Amino acid sequence: MLKTRTLDAAQHRFGFALTVPALIAFLLLIFVPFARSLWLAFNEYLLTSAEPRFVGLANFVRLFADPGFRESWRVTGIFVICTTSITTLFGTTYALLLNEPMRGRTIIRAASLLPWVLPSTVTALLWSWLYNGQYGVVNAVLLWTGLIHQPIFFLSDSVGAMIAVISAKAWLSTPVVMLFVLAALQSLPQEQVEAARIDGANDFHVIRYVVLPHIRKTLGVMIILQAMGNLQMFDIIYAMTSGGPVRATTVFSIEVYRRAFENWDLGMASAIGVIWFLTIAVIAIPYLRSMFTETHGS
Amino acid sequence: MNPLVLASRRPVAVIARALALLFLVSFLFFPVYWMMVTALKPNQQIFVQFPEFIPTHPVLDNFKRAISQSNLPTYLVNSMITAGGSSLLTTTLAALAAYGFAKYRFSGRFATMNIMIGAQMFPFAVILISLYPMMQSAGLLDTLTGLTIAYVVFALPPAIYILFSFYSRLPNELIEAARIDGASEIAILRRIVLPLSKPALISVAVYSFTWAWNDLLYSLTLVTSDNLRTIGPGLLLTFFGEMQQDWGGAMAAAILASLPAVIIFAFLQRFFVAGLTSGAVKS
Amino acid sequence: MSSVRIENASKAYGGLKILHEVSVDVADGEFVVLVGPSGCGKSTLLRMIAGLENVTSGTISIGEKVVNNVLPKDRDIAMVFQSYALYPHMTVAENMAFSLMLKKASRQQIAAKVGPAAQILGLTPLLDRYPRQLSGGQRQRVAMGRAIVRDPQVFLFDEPLSNLDANLRVTMRGEIRALHQKLGTTTVYVTHDQVEAMTMADKIVVMREGRIEQVGHPLELYDQPRNMFVGGFIGSPSMNFLEATLDEASLTIGGIALRRPETMPNVDAATVICGIRPEHFELRDDGVPMEVAVVEPLGSETQVIGTIAGQSLVCILKQRLRARQGEILYLAPQTDKVIYFDKSTQVNIGI
């Protein structure tokens, strides 16, 4: 075929040219650094070493023998699973409630996004204050209701610190889930609900057989996105607990940060990064697949 | 107005709904309320075991202290520069690329774009491990320019995806009509495509602004001079010290640090929500 | 103005060929309609004339010039799209002026073009509105206005009326036709609606599956379809096709032998397909028995749907009649109006 001489060849060149700046930025800032980090995982590279030294799988062998690393697996798992489920439950319930007509709904809905707009350090600061061991309002409420008799020093307690960072992150993300689920709910044709009611459905039936199937895809995407985001979470945890007490809230991101930028052991940090990336990838695959089919389908 | 999904009028259901709403509204709003209340209280009312829920004598001392005794104004300006700059950069790069991917059929476009979108899986900290020495050798370490550029990492892939979805829905016929009307490809972009995508561009700009504004990891690592710090590390290093007990000042500073983003968001909320929910993004 | 000449034009996407060596001549000032079922390649052909699609092989010329590799903007054509493709962020006046503005025409030049064009289309009071504030018919007019101000060599229309309701479609049909008479610009018009084709065209090109089935004046196609496809596609309700057996003296349909008409072409075939328009039947006692399925009284005429020897049939009778389902009516075709097709090739034997 006379492909080169055709009409749209010039157009195609123009279209390609449009993508070049982003492509360069992507390669320089994202792809090359990421690929280099993957490669560093197979090297020994300390602050003291001039050049990375190839060591094969040695970093990984050391990692899997390290009980501290196994601990950060567990901590990451707890944090991601708890935060994701709480956020999804709260966000969906909140969306269902806000979906009903009531006065001031628009304002409540817009204002509910506030936690999400606040800088994450502010969120961390705020929740540290709420959970403060001496003067925190959480302690005040618990003492006042008689649930406890001594104030709890949440952030210096391994379970308490986990509770604190989970609540902060759930607080931050619940509005997002609400927003997306609400958008999905608003596209639900009211006729479907009415038809179900005429067939004798009560509220639970409507939710179970009409609403949930309709928002299932949105929920799936939200759960994946939340899980990916929570797996990456650094700011709030680092600001609130720095991964402590001891290692009680040391998730992957904190582990990598500490090894890379406190101990300057870039090889080991990268090795954890590889495992971290693979964990995210497993979760992200269904989501990316649906994105790819969308991009191809159009 | 008729109820939609939750229609039951049984007392149990009505009470359960009210309680659930009360709980969620308090969960979302009480912390913000508490932040404001604390910021307005004098210290002797803050450091008590059973605090007052409504401040009896609101004072502005905490705000004055937050501004005068810390570098907060500098941090805010630095955050404005880096978040604003990277938002502009990201939106420009993403808009051009997304339009190219969506409306021109050059070979390899799907593969290229899928790799770029797929980069949402790359952990930021892992990218940072190698970005750090690259910034160092480029002389961009500990500069606002370097930080601005580095922030492109956060939002570029999702921004391309959001704008790609938008441009895919833009009718081809509009572009073809312009071509027949005699417009060059650049004229089409400038006079038809960009004006029409204003809402989507705004939503992407706000989205990438928020990412940069919220950041702690990159600014903590790539910037070390105090006068170049952004609000994330600025607040962290000023108010999270072991000995730090100025919770009134901390809450006042937190409010001040939040205001710019809250104001921007309040104005652009409409565009943003519509643009965001139309294409799923990382949160 | 100028002519358009399409010679052996083909279009393929990868290995899939969707236009097969198509040739069409559009004379200077002629109104040509490309018609056919969806997927026949008519829109692709139009887009090739516009320069929105590559020509895989063959040539397309506008005037004397081969335009295969000429960009749309340099072809001096204007196009009206099915969706109108109005620029949503521009007013009616700006939409119409866009092409002139790109040519860097002066304010006066633009006003001198847009004013009269708006006048012709009755858009003058709407010039400051945005497309979203207009009705479907008004948008359609703006799309035409945008084409008129260009004063192009050729107008291209891609199903311009298919988004309008039935009444408006009839009105706009007349307006486009009147506009063509006034401006005399060469026009290529694509539609899937044979009524539009019949009422508007100087010349119709009937297409199917990437090939041209027949080219001709509307009534020529109606009276002398080249094959069963054209016969069935042009005219509504469609032409009836009845199988008949032939011998020297008679034509047998549904078991009843009719006298072989003199107009009957000389063929040896034992069976042919008779193409009979619904209005070419009359009730006659020596006719062929039809079992009635539905009777639809339309006032001026009566439409009867039924079967003859298991083959379904629609006829339109001038008289009013009451017949029940299952009743037998005796119908005779007006034999001089019947068209005969070869059963295997489906080609009109009479041509």
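These protein sequences, in sequence, are chains A, B and C. Heads up, the first sequence is in our numbering, so the first residue is 2 and it goes up one at a time. Heads up, the second sequence is in our numbering, so the first residue is 692 and it goes up one at a time. Heads up, the third sequence is in our numbering, so the first residue is -4 and it goes up one at a time. The C-beta atom is built at its ideal place from N, Cα and C for all residues, glycine as well. Remember, predicted model here, so these are calculated numbers, not experimental data.
Asked, Found
"Touch test, the region 53 to 69 of chain A against the region 199 to 210 of chain A, Cβ-Cβ under 8 Å, three pairs minimum", "no"
"The region 87 to 102 of chain C contacting the region 873 to 887 of chain B, beta-carbon criterion three pairs below 8 Å", "yes"
"For residue 59(C), the nearest candidate out of 110(C), 20(C), 322(C) (CA to CA)", "20(C)"
"Straight-line gap, residue 148(A) to residue 139(A) (C-alpha atoms, nearest Å)", "11 Å"
"Proximity below 8 Å, CB of residue 776(B) to CB of residue 120(A)", "no"
"Interface flag, residue 868(B) vs chain C, CB-CB below 8 Å", "yes"
"Same chain, Cβ closer than 7 Å to residue 96(A), neighbours up to 5 away in sequence not counted", "179, 182, 183, 186"
"Environment of residue 275(C) [buried if 16+ CB atoms lie within 10 Å]", "buried"
"Touch test, the region 188 to 200 of chain C against the region 162 to 174 of chain C, Cβ-Cβ under 8 Å, three pairs minimum", "yes"
"Where residue 291(C) falls, given that 16 or more other Cβ within 10 Å makes a residue buried", "exposed"
"Alpha-carbon spacing of residue 115(C) relative to residue 139(C), whole angstroms", "10 Å"
"Contact the region 206 to 225 of chain A vs the region 717 to 730 of chain B: 3+ CB pairs below 8 Å", "no"
"Residues of its chain near residue 62(C), where Cβ-Cβ distance is below 6 Å and the 5 sequence neighbours each way are ignored", "55, 70"
"Residues that residue 302(C) bridges to, as DSSP identifies them", "286(C), 307(C)"
"Contact the region 266 to 283 of chain C vs the region 243 to 251 of chain C: 3+ CB pairs below 8 Å", "yes"
"Own chain residues within Cβ distance below 6 Å of residue 971(B), not counting five before or after", "For residue 971(B), the pLDDT reaches just 37, beneath the cut-off of 50, and the residue's location in the model is therefore unreliable, leaving the point undetermined."
"At least 3 beta-carbon pairs within less than 8 Å: the region 812 to 826 of chain B vs the region 35 to 49 of chain A", "yes"
"Amino acids of chain A, ordered along the chain, whose beta-carbon sits closer than 9 Å to that of residue 46(C)", "8"
"Where residue 151(C) meets chain A, residues with beta-carbon distance less than 9 Å", "Residues of chain A passing the Cβ test: none, with the nearest at roughly 16 Å."
"Straight-line Cα distance separating residue 40(A) from residue 927(B)", "33 Å"
"Interface residues of chain C facing residue 862(B) [CB-CB closer than 7 Å]", "78, 80"
"Within the region 56 to 135 of chain A, ranges of the alpha helix (DSSP H) (whole runs, at least 4 residues)", "59 to 66, 68 to 100, 106 to 112, 115 to 118, 121 to 131"
"Per-residue contacts from residue 874(B) into chain C (C-beta, under 9 Å)", "68, 93, 94, 97"
"Exposure label - residue 872(B); buried when at least 16 CB within 10 Å", "buried"
"Strand pairing of residue 269(C), partner residues [DSSP]", "237(C), 335(C)"
"Buried versus exposed, by CB contacts within 10 Å (16 or more), residue 743(B)", "exposed"
"Closer than 7 Å: residue 695(B) CB and nearest the ligand FMN heavy atom", "Looking at this structure, you won't find the ligand FMN or any other ligand, since it has none at all."
"Cβ of residue 72(C) within 8 Å of any chain B Cβ", "yes"
"Spatial distance of residue 392(C) from residue 854(B) (CA atoms)", "With chain C covering -4 to 346 only, the question about residue 392(C) has no answer from this structure."
"Status (buried if at least 16 other CB within 10 Å, exposed otherwise) for residue 137(A)", "buried"
"Chain-ordered chain B contacts of residue 176(A) [CB-CB under 9 Å]", "719"
"Span of the beta strand (DSSP E), counted from its first residue to its last, around residue 53(C)", "52 to 57"
"Closest Cα partner of residue 812(B) within the set 289(A), 294(A), 124(A)", "289(A)"
"Helix, strand or coil at residue 780(B) [DSSP, three-state]", "helix"
"Short CB-CB distance (under 8 Å) between residue 266(A) and chain B", "no"
"4 or more residues per run - each alpha helix (DSSP H) lying fully within the region 885 to 935 of chain B", "889 to 905, 908 to 913, 922 to 930"
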